[in-house]
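Residue numbers (my numbering), protein chains in the order written: chain A, 1 to 108; chain B, 1001 to 1120. Right, one structure below, let's go through it.
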Amino acid sequence: RKEVEQDPGPFNVPEGATVAFNCTYSNSASQSFFWYRQDCRKEPKLLMSVYSSGNEDGRFTAQLNRASQYISLLIRDSKLSDSATYLCVVNNFNKFYFGSGTKLNVKP
Amino acid sequence: GAVVSQHPSWVICKSGTSVKIECRSLDFQATTMFWYRQFPKQSLMLMATSNEGSKATYEQGVEKDKFLINHASLTLSTLTVTSAHPEDSSFYICSARAGQARGALYNEQFFGPGTRLTVL
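Given below as structure tokens:
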């Protein structure tokens, strides 16, 4: 079983839509969680860390459910510039495991 | 935020040659750096963890004699792909753990821009 699993998508949504991604992780002892964004042929960039209590940054909301071992990312009011691949990242004992990414296409 | 640079950004080489890739943390000290490889339409795969002043820790299936890692200072780690072959063609990305970098969470990683290696 993979350490981190994500639906590869693509998710094709119109501008202004709300879209949600989920990610599951296999190791219950995982310590920290992140969402990264990767544009085509570029390096990943940190979008946000995910805290146990959930956290929000503008149009982005991240949630962590330790009991079910999944994290989520909600994007409200999608913009064209949100089109990218979103990577779920889990940290276990100083090793970082990446999901395969979920591709988002925001259409005009 | 913390800045990580990589050099070169792309390289094309003949089969059998060795290629060195540098990863630098520009405005913070990184005791730990990571090397990843990414094939088209796949996720990043961790190759090795590079610790300053000690030997790198390689992931299962990664040949340490083929991918030589040197982390000689707190701001520089190098990856040398020895005797490169076409199947080594990939996007190689390094990252540095933020550690005590100002404004960053301890476990945040900052990525270099990547090096695209093409072996003919």
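All C-beta atoms in this analysis are idealised placements derived from N, C-alpha and C, irrespective of residue type, glycine included. If you're wondering where the values come from, they're calculated on a predicted model, not measured in any experiment.
If I'm right that Cys-88 of chain A touches Val-13 of chain A with Cβ under 8 Å, what's the distance once you round it to whole angstroms? Locating residue 88 of chain A in the first sequence gives position 88, counting from the first residue. Locating residue 13 of chain A in the first sequence gives position 13, counting from the first residue. Taking a contact as a CB-CB distance under 8 Å, the pair Cys-88 of chain A and Val-13 of chain A does not count as one, their CB atoms being some 19 Å apart.
Asp-1027 of chain B: which of B:Ser-1005, B:Gly-1061, B:Lys-1041 sits nearest, CA to CA? In the second sequence, counting from the first residue as 1, residue 1027 of chain B sits at position 27. Asp-1027 of chain B has its Cα closest to that of B:Ser-1005, out of B:Ser-1005, B:Gly-1061, B:Lys-1041.
What number of angstroms, rounded off, separates the C-alpha of Glu-43 of chain A from the C-alpha of Ile-1093 of chain B? Position 43 of the first sequence, counting from 1, holds the residue named residue 43 of chain A. Position 93 of the second sequence, counting from 1, holds the residue named residue 1093 of chain B. If you take the alpha carbons of Glu-43 of chain A and Ile-1093 of chain B, they lie about 7 Å apart.
Strictly under 8 Å for the Cβ-Cβ distance: is Glu-56 of chain A near chain B by that measure? On the first sequence, position 56 is the one that residue 56 of chain A refers to. Chain B, which has no Cβ nearer than 8 Å to the Cβ of Glu-56 of chain A, makes this no.
Output yes if chain B places a C-beta closer than 8 Å to the C-beta of Pro-10 of chain A; else output no. Position 10 of the first sequence, counted from the first residue, corresponds to residue 10 of chain A. Taking Cβ atoms only, chain B never reaches closer than 8 Å to Pro-10 of chain A, which makes this a no.
Let's test the definition: count the other Cβ atoms within 10 Å of the Cβ of Ile-1069 of chain B and tell me whether it reaches 16, buried, or not, exposed. As a position in the second sequence, residue 1069 of chain B is number 69, starting the count at 1. With 16 or more other Cβ atoms within 10 Å, it is buried.
Minimum Cβ-Cβ distance from Gly-99 of chain A to chain B less than 8 Å: Within the first sequence, the letter at position 99 stands for residue 99 of chain A. Judged by the 8 Å Cβ criterion, Gly-99 of chain A is in contact with chain B.
Neighbourhood of Phe-1067 of chain B by C-beta, 8 Å cutoff - its chain only, sequence neighbours within 5 removed: Residue numbering aside, residue 1067 of chain B sits at position 67 when the second sequence is read from its first letter. Excluding sequence neighbours, Phe-1067 of chain B sits near Trp-1035, Met-1047, Ala-1048, Tyr-1058, Leu-1079, Thr-1080, Val-1081, Thr-1082.
I'd like the list of long-range same chain contacts for Thr-113 of chain A, defined as Cβ closer than 6 Å, with 5 residues on each side in sequence excluded. This structure cannot speak to residue 113 of chain A, because chain A is shown only from 1 to 108.
Taking only beta-carbon positions, decide if Leu-1108 of chain B is within less than 8 Å of chain A. Your numbering for residue 1108 of chain B matches position 108 in the second sequence. Here residue 1108 of chain B is Glu; the residue named in the question, Leu, does not match the sequence. Chain A, which has a Cβ nearer than 8 Å to the Cβ of Glu-1108 of chain B, makes this yes.
Could you check whether the Cβ of Pro-1135 of chain B sits closer than 8 Å to any Cβ belonging to chain A? With chain B represented from 1001 up to 1120, any question about residue 1135 of chain B goes unanswered, as that position is not in the structure.
Please classify Asp-80 of chain A: does DSSP put it in a helix, a strand, or coil? Position 80 of the first sequence, counting from 1, holds the residue named residue 80 of chain A. Per the sequence presented here, residue 80 of chain A reads as Leu, with Asp not at that position. Helix.
Under 8 Å by Cβ, that's how I've got Leu-73 of chain A and Phe-21 of chain A pegged, so tell me the actual separation to the nearest angstrom. Along the first sequence, one-based indexing puts residue 73 of chain A at 73. Along the first sequence, one-based indexing puts residue 21 of chain A at 21. Under the criterion of beta carbons closer than 8 Å, Leu-73 of chain A and Phe-21 of chain A qualify as touching, at roughly 5 Å.
So, is the C-beta of Glu-43 of chain A closer than 8 Å to a C-beta in chain B? Reading the first sequence from its first residue, position 43 is the one you call residue 43 of chain A. Taking a beta-carbon distance threshold of 8 Å, Glu-43 of chain A counts as an interface residue toward chain B.
Enumerate in chain order the residues of its own chain whose CB-to-CB distance from Asp-1074 of chain B is below 8 Å, with the five nearest sequence positions on each side excluded. Here residue 1074 of chain B corresponds to residue number 74 of the second sequence, with the count starting at 1. This sequence places Leu at residue 1074 of chain B; Asp is not what is there. The beta carbon of Leu-1074 of chain B is closer than 8 Å to those of Ser-1025, Gln-1029, Ala-1030, Thr-1031, Glu-1052 in its chain, skipping five residues each way along the sequence.
Asn-55 of chain A: first and last residue of the uninterrupted beta strand (DSSP E) it sits in: Counting from one through the first sequence, the residue named residue 55 of chain A turns up at place 55. Counting along the chain, the beta strand (DSSP E) containing Asn-55 of chain A begins and ends at 55-57.
Limits of the beta strand (DSSP E) - the one that Gln-1109 of chain B falls within: For the purposes of this step, residue 1109 of chain B is taken as the residue at position 109 of the second sequence. Element bounds for Gln-1109 of chain B: 1109-1111.
If you check the beta carbons only, do His-1085 of chain B and Ser-1015 of chain B fall under 8 Å apart? As a position in the second sequence, residue 1085 of chain B is number 85, starting the count at 1. As a position in the second sequence, residue 1015 of chain B is number 15, starting the count at 1. A contact, by the Cβ cut-off of 8 Å.
Limits of the beta strand (DSSP E) - the one that Cys-40 of chain A falls within: Translated into the one-based positions of the first sequence, residue 40 of chain A becomes position 40. No beta strand (DSSP E) holds Cys-40 of chain A; DSSP gives it neither H nor E.
Which complete beta strand (DSSP E) runs does the region 1046-1108 of chain B hold, if anything under 3 residues is left out? The region 1046-1108 of chain B contains these whole beta strand (DSSP E) runs: 1067-1073, 1076-1081, 1090-1097.
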